[in-house]
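Peer 1:
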Amino acid sequence: MIRVAVVDDEPLARSGVLSRLRAEPDVTVVAECHDGHALATLRRAEVDVAFVDVQMPGLSGLDALAAIPVAERPLAILLTAHDSFALRAFELNAIDYLLKPIDDERFAEAIDRARRQLGHTVTSSWPERFSIRIGTRLSFVEAADITWIEADGDYAALHVSGQRHLLRETLTTLSRKLDPARFLRVHRSAIVRVDQVAEFQPRPNRDAVLRLRDGTTLRASRTYIGALLAALHQRTHS
1 MIRVAVVDDE PLARSGVLSR LRAEPDVTVV AECHDGHALA TLRRAEVDVA
51 FVDVQMPGLS GLDALAAIPV AERPLAILLT AHDSFALRAF ELNAIDYLLK
101 PIDDERFAEA IDRARRQLGH TVTSSWPERF SIRIGTRLSF VEAADITWIE
151 ADGDYAALHV SGQRHLLRET LTTLSRKLDP ARFLRVHRSA IVRVDQVAEF
201 QPRPNRDAVL RLRDGTTLRA SRTYIGALLA ALHQRTHS
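1 is the number of the first residue of the sequence shown in our numbering; add one for each residue after it.
Okay, structure coming up:
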C-alpha cells in the first residue's frame, strides 16, 4: 500500500486530490496538511508520497521540502497554477509537477510514476520490441530505435529512421507500457524518447516546441512539460 500525504492550504484543492486518490485501490491517505510547516515534519518512514502545493502562506511547499533531510524526504508530486517553479522543484527531486486545474489523465500518470519509483508496479520489464502487422506479414520494431510516437485514432504510429509504423494500440495504453525513464508523453497525441530531445523552446502560452535530433519539431503541452523537464534535468545530471 502506498502511503500518501496531501498538503495544500486550500480545502477545495485538497478535496479534489483526495477524491482522486480514493479511486486508487493501492493508495491510503495517512496525512492531510494545510501548510508547509506541517509538511516539514513528515518523513519517508511514515509517508511514501506527498502531493504538495507549491505556494502556501508562511512556509512554501518547496521550502518545506528543502527542510526535510534528503534521505528522509518523501517522494513529491507538486501542485501549482504556475510553471515558474519547475527548476527548483527538480533540484528537490520532485517526481512530477502537476498544473492546476489538474487533468485527470496527468494525475493518473503521476500516480503511476510514483508506483514505479517505489517498485509497486506490476510491470517486471519494459517491451524491447513491437510487432507490426502489414497484411499477413509481421515486421518488428526495436524500442531502442523509436524516435517518437504519435496518436492515429486507435493506432499509435512509431517513428523510426524516417519511417512510420502503425501499431494497433492507443497512445494512452502504449504510454503505460513504455519505460518512463526512456519515453515520456509530451502531448495528448505524442510521446518522445527523452534522449532524442535536442532543444526545448518555451512559448508565450507556456507550451513549448521540441526539436528532436533528427530535426522533427513537436509541440509539448504545458500539462506535460513538468515531467519532461524533470526527465531532461535527470539526464543532464546523471
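Glycine residues also receive a C-beta, built at the ideal position from the N, C-alpha and C atoms.
Pull the bridge partners of TRP148 from the DSSP assignment, please.
Peer 2: DSSP output for TRP148 lists HIS159, VAL192 as bridge partner(s).
Peer 1: For the stretch 41 to 50 against the stretch 65 to 72, are there 3 or more C-beta pairs whose distance is under 8 Å?
Peer 2: Touching, per the Cβ criterion.
Peer 1: Which residue's Cα is closest to the Cα of ARG176: HIS187, VAL197, SER189, ASP112?
Peer 2: If we check each option's Cα against that of ARG176, ASP112 comes out closest.
Peer 1: If you follow the alpha helix (DSSP H) that GLN117 is part of, which residue opens it and which one closes it?
Peer 2: GLN117 -> alpha helix (DSSP H) spans 104 to 118.
Peer 1: By how many angstroms is the C-alpha of THR147 removed from the C-alpha of PRO57?
Peer 2: One C-alpha to the other measures close to 43 Å.
Peer 1: Beta-carbon within less than 8 Å of THR28's beta-carbon, same chain only, minus the 5 sequence neighbours each way: which residues are those?
Peer 2: Around THR28: MET1, ILE2, ARG3, VAL4.
Peer 1: Is HIS159 buried or exposed, if buried means 16 or more other CB atoms sit within 10 Å of its CB?
Peer 2: By the neighbour-count rule (16 or more Cβ atoms within 10 Å), HIS159 is buried.
Peer 1: Grouping DSSP H, G and I as helix and E and B as strand, with all else coil, what is PRO25?
Peer 2: In this structure, PRO25 counts as coil in the three-state DSSP scheme.
Peer 1: Quick one: any contact between the stretch 216 to 227 and the stretch 168 to 175, if contact means 3 or more CB pairs under 8 Å?
Peer 2: Result no; under three Cβ-Cβ pairs closer than 8 Å.
Peer 1: Nearest-angstrom Cα distance between LEU92 and LEU18?
Peer 2: For LEU92 and LEU18, the distance between alpha carbons rounds to 24 Å.
Peer 1: Assuming contact is defined by CB atoms lying nearer than 8 Å, are ARG203 and VAL209 in contact in what I supplied?
Peer 2: Their beta carbons are under 8 Å apart, which means ARG203 touches VAL209 by this criterion.
Peer 1: In terms of residue numbering, what span does the beta strand (DSSP E) encompassing THR173 cover?
Peer 2: Unbroken run through THR173 is the alpha helix (DSSP H), 171 to 175; no beta strand (DSSP E).
Peer 1: According to the Cβ coordinates, are VAL47 and ALA31 closer than 8 Å?
Peer 2: Contact: yes.
Peer 1: Compute the Euclidean distance between the alpha carbons of ARG168 and ALA76, then round it to the nearest angstrom.
Peer 2: Distance between the alpha carbons of ARG168 and ALA76: 35 Å.
Peer 1: ALA81 and LEU99 - do their beta-carbons sit closer together than 8 Å?
Peer 2: Result yes, Cβ atoms of LEU99 and ALA81 sit closer than 8 Å.
Peer 1: Closest to ARG133 by C-alpha separation, out of ILE149, GLU150, TYR155, would be which residue?
Peer 2: With distances taken between Cα atoms, ARG133 lies closest to TYR155.
Peer 1: From LEU228 to ASN205, what does the alpha carbon distance come to, in whole angstroms?
Peer 2: Cα to Cα, the separation comes out at about 17 Å.
Peer 1: Going by DSSP, name the residue or residues bridged to GLN234.
Peer 2: Looking at the DSSP assignment, GLN234 forms no beta bridge with any residue, so it has no partner.
Peer 1: Quick one: is GLU128 buried, meaning 16 or more other Cβ sit within 10 Å of its Cβ, or exposed?
Peer 2: Exposed.
Peer 1: Rounded to whole angstroms, what's the CA-CA distance from VAL49 to ALA151? Just pull it up for me.
Peer 2: Cα to Cα, VAL49 sits roughly 31 Å from ALA151.
Peer 1: Which two residues bound the contiguous alpha helix (DSSP H) that contains HIS37?
Peer 2: Where HIS37 is concerned, the enclosing alpha helix (DSSP H) stretches over 36 to 39.
Peer 1: On the three-state DSSP scale, how would you describe VAL49?
Peer 2: Of the three classes helix, strand and coil, the one that applies to VAL49 here is strand, per DSSP.
Peer 1: Look at the alpha carbon of GLY135 and the alpha carbon of SER125, and state the distance between them as a whole number of angstroms.
Peer 2: Rounded to whole angstroms, GLY135 to SER125 spans 29 Å at the Cα level.
Peer 1: If you drop the 5 nearest sequence neighbours on each side, which residues of the same chain put their C-beta closer than 7 Å to that of VAL141?
Peer 2: ARG129, PHE130, ILE132, LEU158, VAL160, HIS165, listed in sequence order.
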